[in-house]
Amino acid sequence: MKKTTLKFLALISLVVFTLGIFAGCGAPKQDQKAPVAKPEEQKARVIRAGIGLNDKHPQYQGLLKFKEIVERETKGKVQVQIFHSGQLGDDRTMMEALQLGTQEMTCPSTAPIANFVPEFSVFDFPFLFPNTAVADKVLDGPIGKELLDKLPKQNMIGLAYWENGFRDLTNSKKEIKTVADLKGLKIRTMENKLHLDAFRLLGANPTPMPFPELFTAMQQKTVDGQENPVATIYLQKFYEVQKYVTDTSHIYSPFVLLMSKKFWDASTPEEQAIFKKAAEEARDYERKLNREANAKYFDELAKAGMTVTKLTPEARAEFVKTVKPVYDTYKEKVGADLLARVLAEIEKAGK
Ligand code: TK8
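Sequence positions in the sequence shown follow mature numbering (1 follows the signal peptide of the UniProt record, and there is no 0) and run -23 to -1, 1 to 328.
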């Protein structure tokens, strides 16, 4: 090594050393300020995971599984606390908290995520996925990943797609057998423009509202109806305030398990790998429970006093045709190329 290079290196180390001393003097280290913790608590970092649904829902069971895996594999260094029923706020508020780093995890549907990354609406086109097997293939494949990869720019990390499910329609006014029956009904939708437009096309009077406000809105008749998978309709006891349910299956809602980028970046690569693995294992568990729930709860809703209506093939075809125009209106908004690729994947997966 040349003399000049050596001198240069010596100078650099001196500067770094001096800065280090000053930094050390100026700012006391974190743990000097922190209250004395019991030894086992000293290093535990806490993930606060919030959801809008209650603790009866498969989504909550999925989070319990995630917690179990993460706490076991990190040997307790990362703890997971679960807050259900909107205790930490609605989906939008929780995503904003993730962005700020004041909350670590949440699990919203793709519909409200589209307010942060518009491309996520691509999965919310009505009557897009023919069944859950095809949905799994597309979401767990390259396109699903491509969308998750857009989240870090919004200071969030997408760990895996979980399942909310095919959405069905309920209301307190009348039986819905055809599109015409929906005319003028005040329907709560998620906060997503595509959903709102689809319901406008059906002749309803849709209004966006955060989920935690929904039960009271139905009870006080601020809205006539809403749409959610039957697991939610049953487990949130919507049958207490809604009389009619129709198996429209109009939109398939994926959930995305989200983590704050701040928390992710503060984790070691080993911990990140554990979060990812736990998210995927819990996903398989959650999907299984959710599918069992969605298959059985129509009967339970009938037992609870609701009128359950199955659409005839003709009536279903009319629903499909009536909402079709959103494919044109939203093609450019989500990206025409992206939509075309999703449709091609679905076609391929269905074969
Ligand atoms: C709960 C929501 C809910 C969703 C909705 O926070 O808002 O209707 O289907 O499950 O994520």
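Don't be surprised by glycine CBs; every beta carbon is placed ideally from N, CA and C.
- Nearest C-alpha to E291 among A256, D68, E50 and K154: K154.
- With contacts defined as CB atoms closer than 8 Å, T284 and E73 fail to qualify as a contacting pair.
- Around the beta carbon of D126, fewer than 16 other beta carbons sit within 10 angstroms, so the residue counts as exposed.
- Shown here, I153 sits in coil according to DSSP, grouped into three states, outside any helix or strand.
- DSSP places M167 outside both helix and strand once states are collapsed to three, so it counts as coil.
- A distance below 8 Å between beta-carbons, with the five flanking residues on each side excluded, links A157 to the following residues of its chain, in chain order: G180.
- Each residue's CA atom was taken as its position, placing P85 and A321 some 26 Å apart.
- Rounded to whole angstroms, the separation of the alpha carbons of E204 and G135 is 25 Å.
- Around the beta-carbon of Q80, 16 or more other beta-carbon atoms lie within 10 Å, marking it buried.
- For the ligand TK8, a non-hydrogen atom lies closer than 7 Å to the CB of L30.
- In the three-state reduction of the DSSP assignment, G121 falls in the helix class, which pools H, G and I.
- Taking the Cα positions, K310 is about 44 Å away from G53.
- According to the DSSP secondary-structure assignment, A26 is paired through a beta bridge with I59 and M82.
- With the rule of 3 Cβ pairs closer than 8 Å, the region 91 to 107 counts as touching the region 164 to 184.
- In this structure, D145 lies away from P183, with their beta-carbon atoms at least 8 Å apart.
- In this structure, DSSP gives V47 a helical state, which the three-state scheme calls helix.
- Across the set G39, M236 and T286, the C-alpha of M236 shows the shortest separation from the C-alpha of Q131.
- Note that the region 274 to 284 does not touch the region 43 to 57; fewer than 3 beta-carbon pairs, one per stretch, sit closer than 8 Å.
- Annotation: the region 174 to 200 contains the following complete segments of the beta strand (DSSP E) (minimum length 3 residues), in chain order: 182 to 185.
- Secondary structure at Q38: helix, using DSSP grouped into helix, strand and coil.
- For P231, the enclosing beta strand (DSSP E) begins and ends at Y229 to S237.
- One alpha carbon belongs to D117, the other to T299, and they sit about 30 Å apart.
- Of the candidates E50, L316, G29 and E168, E168 places its Cα closest to the Cα of F93.
- Looking only at L234, F176, E140 and N148, the smallest Cα-Cα distance to T199 is reached by N148.
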